[in-house]
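Asks: Heads up: the sequence lines are chains Z and W, in that order. In terms of this note's numbering, the first sequence is residues 462 to 573. In terms of this note's numbering, the second sequence is residues 62 to 175.
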Amino acid sequence: GNSVTQMEGPVTLSEEAFLTINCTYTATGYPSLFWYVQYPGEGLQLLLKATKADDKGSNKGFEATYRKETTSFHLEKGSVQVSDSAVYFCALSGGSQGNLIFGKGTKLSVKP
Amino acid sequence: EPEVTQTPSHQVTQMGQEVILRCVPISNHLYFYWYRQILGQKVEFLVSFYNNEISEKSEIFDDQFSVERPDGSNFTLKIRSTKLEDSAMYFCASSGRLQTYEQYFGPGTRLTVT
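Spelled out as structure tokens, the structure:
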């Protein structure tokens, strides 16, 4: 069945460092891919998405490219800020009714 | 900006008791979902709901679980007889358009079963 694997956390970076959070997936067909972010005490928020191969999703300085050949959707940001500290979830579209399949989440802490 | 709300934020209950978790989806959305996350594990899909009926459910969503949209605004998840392993964070989500898969999540209810 469909599944998502993302790198274990926690990840601790200094402000302005480069961020990569790896995400790979297993799926039949052509799923859409997502990154969700959860700030402390809040719900999951859609950060970016890509709906087909080679699409690049981007938002708030974060980017991820849908790579079908490597079945990956790695999240990157060139210069992280303290306010980016959160848990990041990679997900793909699963069933016919739109349910999402999530990875375990990666906690990011950015130090000033 | 419209948002999904959930109540309560934290619920503590004894094993065997019934609990009802409540959600108010975004008002013009048509598709509703429940997910859960056991501490340290993945966010898992439980059930989707459309047009006043369950459209899809996972293996987790057994006879102990039920969902309801009792009025035009609330969407509830009931666990009939809670077990210790039901302790988790439960997230409600809603979507206006199925094809985009863009789901808007609530802040979650932390359920603790003792």
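A virtual CB, placed ideally from N, CA and C, is assigned to each residue, including glycine. Small disclaimer: the values here were computed from a predicted structure and weren't measured.
What's the C-alpha gap between residue 520 of chain Z and residue 508 of chain Z?
Replies: If you take the alpha carbons of residue 520 of chain Z and residue 508 of chain Z, they lie about 6 Å apart.
Asks: Please list the terminal residues of the continuous beta strand (DSSP E) segment that includes residue 500 of chain Z.
Replies: It is not in any beta strand (DSSP E) - residue 500 of chain Z carries neither H nor E in the DSSP assignment.
Asks: Could you give the DSSP three-state label for residue 543 of chain Z: helix, strand or coil?
Replies: In this structure, residue 543 of chain Z counts as helix in the three-state DSSP scheme.
Asks: Taking beta-carbon pairs under 7 Å, can you tell me which members of the segment 116 to 142 of chain W lie near chain A?
Replies: Among the protein chains of the structure shown, namely Z and W, there is no chain A.
Asks: Assign residue 91 of chain W to one of three DSSP states: helix, strand, or coil.
Replies: Reduced to three states, the DSSP call for residue 91 of chain W is coil.
Asks: Buried or exposed, going by whether 16 or more other CB atoms sit within 10 Å of the CB of residue 572 of chain Z?
Replies: Exposed is the call here.
Asks: Measuring alpha carbon to alpha carbon, tell me which residue in W/121, W/174, W/86 and W/118 is nearest residue 65 of chain W.
Replies: With distances taken between Cα atoms, residue 65 of chain W lies closest to W/86.
Asks: Are any of the Cβ atoms in chain W nearer than 8 Å to that of residue 529 of chain Z?
Replies: Cβ-Cβ to chain W under 8 Å: no for residue 529 of chain Z.
Asks: Rounded C-beta distance between residue 70 of chain W and residue 170 of chain W? I'm assuming under 8 Å.
Replies: That belief holds up - the Cβ atoms of residue 70 of chain W and residue 170 of chain W are roughly 6 Å apart, short of 8 Å.
Asks: Alpha carbon to alpha carbon, what distance is there between residue 462 of chain Z and residue 499 of chain Z?
Replies: Distance between the alpha carbons of residue 499 of chain Z and residue 462 of chain Z: 26 Å.
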